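To keep things clear, I will list the structure first and then write my remarks on it.
There are 2 protein chains.
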Amino acid sequence: MSAAPQRVPYSVAARELLRNTLLDAACHELESRHWADITMADIAVAAGVSRQTLYKEFGSREEFAQVLVMREAESFLDAVESSVRQHLDAPPKALAAAFDLFLTSAAENPLLRAIVLEEGAEELLALLTTQGKPLVERAADRLTDVVVSGWPLIRRRDAELLGDVLVRLAISYAALPDGDASATAAAVSSLFQPYVEKLVRETAS
Amino acid sequence: MSAAPQRVPYSVAARELLRNTLLDAACHELESRHWADITMADIAVAAGVSRQTLYKEFGSREEFAQVLVMREAESFLDAVESSVRQHLDAPPKALAAAFDLFLTSAAENPLLRAIVLEEGAEELLALLTTQGKPLVERAADRLTDVVVSGWPLIRRRDAELLGDVLVRLAISYAALPDGDASATAAAVSSLFQPYVEKLVRETAS
DNA sequence: CCGGTTCTGTCCAGTTACTTGACAGAGAGT
DNA sequence: ACTCTCTGTCAAGTAACTGGACAGAACCGG
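Residue numbers (my numbering), protein chains in the order written: chain A, 25 to 229; chain B, 25 to 229.
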């Protein structure tokens, strides 16, 4: 792969550690309480840091929530991406596997469960939907990139459309699961298979 | 196991990060130069930190080297310990497996290779031998602990002796490998098997 | 509708951690 | 003897985190 694990100077690593410590602290708190019940002070204390430091690092509660969601999203995207790369030989299979992986792990993810199941998380929920522009764009971009890099013959425009639609569907099913995750994944990907096969056919010729 | 991954406050994590960043930087430098050619300033710069900070964290070059070696030792001990725990049902097997694991990974370990193969590392070498008291004691203690916790019937005194002797042998073979690591491990452990079996026999009765 | 409470977001004084530049002393090389 | 370099230490300066305070907004109970 790329992304050499190059040596990181301490000051950079320390800032990253600070941010992650705060985000981890918030996740930990979410395991026992609703987001609405967790104050900025709680998060700071749980991270062993002053409230001021928290505000300096993330400007506001809203920004903090945004970053929290985005971080979780990136880790989902990492998993999805590697799942896709394991089926470069069979695009439909890649789609099915990635969607299945996403829905399955989404159903178990603590942060997502907090958003979906509990009532005090409207603020977080909005970040996935009405306020979800950064999330959708970022996720669609990464999906598009993995598609074009994995199947270079596919036109970027087609990949972008597919990425955008899949991300929106994924979010929808994550927010409102429809029974068994694997069944949903199989159903949805079967729906896309004709389109994917058409893409492959067009570009293969 | 024990050691719950409890939440670490940032200030503690940051100090640990600083120390590890410095130690990692030294290891990295060791991959391209002899220990004698690496100055404290080099290490500080490589870690993205001032020389003063390095001296504040580790009092002197000697202490730094000591910690460097001890950190590597702890990671070896972790591996050895888990190897032993996988053969709790067969003490002789545990001994053989652990010794083999140690010698094999010792032969590949960058820090140890730097000490053993290159000429500018006498200062580090001393930490394994003439200055090696802290190392030997610590390693023998951990070995003793894993033995008594794994086979509670064995007398602590016997475990201590065995631990001490094994650690010294391990260090000796690490410093001066004698041909194939696995062959050495098999030979040495065969030598101890009668003693181990005697221990087991005595305590089983 | 009002007083009490809590939380957010901001400010500031104070402490702690890291940086920068400097210097004496030890050791190696010329 | 002279120069160079590195170690170890000091002092002054800067940046990061702390702790206490406060105005404003939202909520709650009366």
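For every residue, glycine included, the Cβ atom is placed at its ideal position computed from N, Cα and C. Small disclaimer: the values here were computed from a predicted structure and weren't measured.
Cβ closer than 9 Å: which chain A residues qualify as neighbours of residue i?
| i | result |
| --- | --- |
| G72(B) | R31, V32, P33, Y34, S35, V36, A37 |
| T45(B) | R31, V32, P33, Y34, A37, A38 |
Residue i versus chain B: which residues are under 7 Å apart at the beta carbon?
| i | result |
| --- | --- |
| H58(A) | Under the 7 Å cutoff, chain B gives no residues; its nearest Cβ is about 20 Å from H58(A). |
With a threshold of 16 other CB atoms inside 10 Å of the CB of residue i, please say whether the residue is buried or exposed.
| i | result |
| --- | --- |
| P115(B) | buried |
| A164(A) | buried |
| V220(B) | buried |
| R166(A) | buried |
| V93(A) | buried |
| V36(A) | exposed |
| L141(A) | exposed |
| A27(B) | Bear in mind that the predicted position of A27(B) carries a pLDDT of just 48, short of 50, making it unreliable; the figure below should be weighed with that in mind. With fewer than 16 other Cβ atoms within 10 Å, it is exposed. |
| D204(A) | exposed |
| S107(A) | buried |
| E40(A) | exposed |
| E96(A) | buried |
| A183(B) | buried |
| A65(A) | exposed |
| L215(B) | exposed |
| L42(A) | buried |
| L223(B) | buried |
| S84(B) | exposed |
| D124(A) | buried |
Just curious, the alpha helix (DSSP H) that residue i is in, first and last residue?
| i | result |
| --- | --- |
| T128(B) | 115-132 |
| Q76(B) | 75-81 |
| I178(B) | Run containing I178(B): none; DSSP gives neither H nor E here. |
| L200(A) | Unbroken run through L200(A): none, as it is neither H nor E. |
| R85(A) | 85-109 |
| I62(B) | No alpha helix (DSSP H) contains I62(B), which DSSP labels as neither H nor E. |
| V36(B) | 34-54 |
| E147(B) | 146-152 |
Please list, in chain order, the chain A residues whose beta carbon lies closer than 8 Å to that of residue i.
| i | result |
| --- | --- |
| A49(B) | R31 |
Would a C-beta distance cut-off of 8 Å place residue i and residue j closer than the cut-off?
| i | j | result |
| --- | --- | --- |
| L112(A) | A118(A) | yes |
| E98(B) | L46(B) | no |
| S60(B) | L151(B) | Going by the sequence as given, residue 60(B) is Ala instead of Ser. Not closer than 8 Å, so no. |
| R137(A) | V160(A) | no |
| A122(B) | A198(B) | no |
| A49(B) | A70(B) | yes |
| G156(B) | R109(B) | no |
| I67(A) | E53(A) | yes |
| T168(B) | G187(B) | yes |
| P180(A) | V172(A) | At residue 180(A) the sequence reads Arg, which differs from the Pro that was named. Yes. Within cutoff. |
| F126(A) | A194(A) | yes |
| P158(B) | C51(B) | no |
| T227(B) | L177(B) | yes |
| A120(A) | S213(A) | yes |
| Y79(A) | V73(B) | no |
Below 7 Å on C-beta distance, what does residue i contact in chain A?
| i | result |
| --- | --- |
| L42(B) | Y34 |
Measuring from the CB of residue i, is there a heavy atom of the ligand ADP at a distance below 7 Å?
| i | result |
| --- | --- |
| A68(B) | In the structure on display, the ligand ADP does not appear, and there are no ligands present to speak of. |
Give, in chain order, every residue of the region 196-212 of chain A whose Cβ lies closer than 9 Å to some Cβ of chain B. none
Closer than 7 Å between beta carbons: that is the criterion. Which residues of the region 92-117 of chain A meet it against chain B? none
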